[in-house]
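Only one structure is covered here, and it is reproduced in the block below.
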Amino acid sequence: MFALTDLKNQPYKKNQPYNIESNGRPNMKKSVILLILLVLALFTAGCDEKTPTNSTNSEANMENSVVAITQLEQVNTSLQKTPVFVKIGSRWCPECRSLKPVLDKLAVEYQGKATIAAIDADKNLELAEYFEVEFIPDSFVIVGIENGTYVYMQENGNVSTDRSKARFIGRNETDEEMFKKVLDFALIQQEKTEANETKH
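Quick note on numbering: the sequence shown equals residues 1 to 200 in full-length UniProt numbering.
Structure (structure tokens):
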């Protein structure tokens with residue numbers, strides 16, 4: 001996990017959060033490396049062979065994909081149908097990128113039962129601020145809205161409107177199992193909520 005502060009003089013540590021705030025000073029070495037990578041990417045972009053895709057297969061992949069959240073309204077709309085798993089991260093964060101296969105797998109496994117979503121903190125700073133993100137990756141499951149406040153599923157199966165009690169910061173080898181456990185609790189909570197609504 002990475003804090004949102006300057007990393008210039010800090011060595012990379014596996015399983016440590018990145019701080020995504022900057023002190024405003026450019027790092028020339030990183031800029032040159034990024035420029036070289038950009039040029040290489042542009043030159044190689046036209047070199048890959050394109051294969052025709054089956055439209056049915058593309059539609060299935062779209063249904064199983066991780067949703068890119070850019071507005072809270074997307075979360076609210078998804079919550080009307082399913083619990084929403086959210087991972088907040090950034091493209092430059094290696095631990096955030098390492099979660100992508102886990103999220104892709106969850107999107108397939110929980111298709112139609114839960115929405116698996118990601119927020120890019122760099123592109124959607126207002127959402128990162130809304131959720132008071134300090135370190136990335138930052139993941140959580142929203143199960144509903146109560147009095148205008150999101151309700152989050154905790155690791156122990158309890159719900160809370162306090163996101164700090166229900167979030168997962170950083171990257172861990174057991175993330176996939178933990179995310180599944182919390183999503184399963186969220187689905188049980190959804191069933192209880194729907195049963196209570198039918199009684200009333």
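Beta carbons: idealized from backbone N, C-alpha and C, even for Gly. All of these numbers come straight from a predicted model, not from anything done at the bench.
In this structure, does DSSP put residue i in helix, strand or coil?
i           : result
residue 78  : helix
residue 104 : helix
residue 164 : helix
residue 121 : coil
residue 116 : strand
residue 93  : coil
residue 185 : helix
Would you mind working out which of the options sits nearest residue i, comparing C-alpha positions?
i           : options         : result
residue 150 : 70, 75, 65      : 75
residue 87  : 185, 147, 140   : 140
residue 118 : 112, 107, 111   : 107
residue 194 : 71, 126, 69, 80 : 80
residue 152 : 173, 170, 190   : 190
residue 72  : 105, 142, 114   : 142
What number of angstroms, rounded off, separates the C-alpha of residue i from the C-alpha of residue j?
i           : j           : result
residue 93  : residue 198 : 44 Å
residue 91  : residue 157 : 31 Å
residue 109 : residue 36  : 38 Å
residue 188 : residue 181 : 11 Å
residue 165 : residue 154 : 7 Å
residue 123 : residue 111 : 26 Å
residue 103 : residue 113 : 14 Å
residue 99  : residue 67  : 14 Å
residue 63  : residue 175 : Only weak support is given to the placement of residue 63: the predicted model assigns it a pLDDT of 49, under 50, and the question is left unresolved by the model.
residue 136 : residue 65  : 21 Å
residue 173 : residue 85  : 18 Å
Kindly identify the DSSP beta-bridge partner or partners of residue i.
i           : result
residue 178 : None, per the DSSP bridge assignment.
residue 279 : Only positions 1 to 200 of the chain appear in the structure, and residue 279 is not among them; the question remains open.
residue 169 : 138
residue 208 : Here the chain covers residues 1 to 200 and nothing more, so residue 208 does not appear.
residue 67  : 117
residue 159 : 153
Any heavy atom of the ligand ADP closer than 7 Å to the Cβ of residue i?
i          : result
residue 95 : Among the ligands in the structure shown, none appear at all, so the ligand ADP cannot be discussed.
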